[in-house]
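To start, the structure itself, in structure tokens.
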Amino acid sequence: MKIIHCFKKKSIFNLKKKLTLKYTIKKKYIDNKEYIFDPIRKKYIINTPEEWVRQNFIEYLHNEKEYPISLMSTENLTIVNKQKKRTDLVCYNNNGSAILLIECKSEKINLNNKTFNQVQNYNYKINADYIIITNGINTLCFKVENQKPLIVKKIPKYTDLINI
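Here the sequence shown is numbered in the working numbering, starting from 449 and rising by one per residue.
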């Protein structure tokens, strides 16, 4: 399915200022390679451009939108079209149902239909209420109703989703 209409300029909101200025990610170096701390997996992960976006987005969701770290997961295996895939980030409610499915890309990757289709295919298995795609500069958020994505202007707070 192609979702060209979702990528109107006004529908993309910019989080770069928040992601780069507000959060301090723990770092360490091993053999001249930089690692950053993942609070979900509780271990240091090699710092790649995509991992930087993911870790900062985790901090954004936790600090700004009040999503509990304990109800987030990263790199979960899911089978899509008989292929093994890993989700970047999923947030759950207290009952274990997925409420946000997030696909993180490097800052150098543009958000486009290919990116959206990737996460939407994952969501056929995950069945999250919202889909988010981000490259750390631009972010798109979609509410999923009856398997159809509807673009929304902001990412909902955790408390807004659990009180529905």
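Ideal Cβ positions, reconstructed from N, Cα and C, are used throughout, including at glycine.
- For leucine 598, the enclosing beta strand (DSSP E) covers residues 596 to 600.
- Considering only Tyr471, Glu499, Glu507, the residue with the shortest C-alpha distance to glutamate 555 is Glu499.
- The way I'd put it, the region 576 to 588 does touch the region 544 to 563; three or more beta-carbon pairs between them come closer than 8 Å.
- Annotation note: the region 473 to 540 contains the following uninterrupted alpha helix (DSSP H) runs of length 4 or greater, listed N- to C-terminal: 497 to 512.
- Contiguous beta strand (DSSP E) elements confined to the region 556 to 600 occur at 578 to 582, 586 to 593, 596 to 600, taking only those with 3 or more residues.
- Residue range 606 to 610 is occupied by the alpha helix (DSSP H) that includes isoleucine 610.
- CA-CA distance, threonine 563 to threonine 587, rounds to 12 Å.
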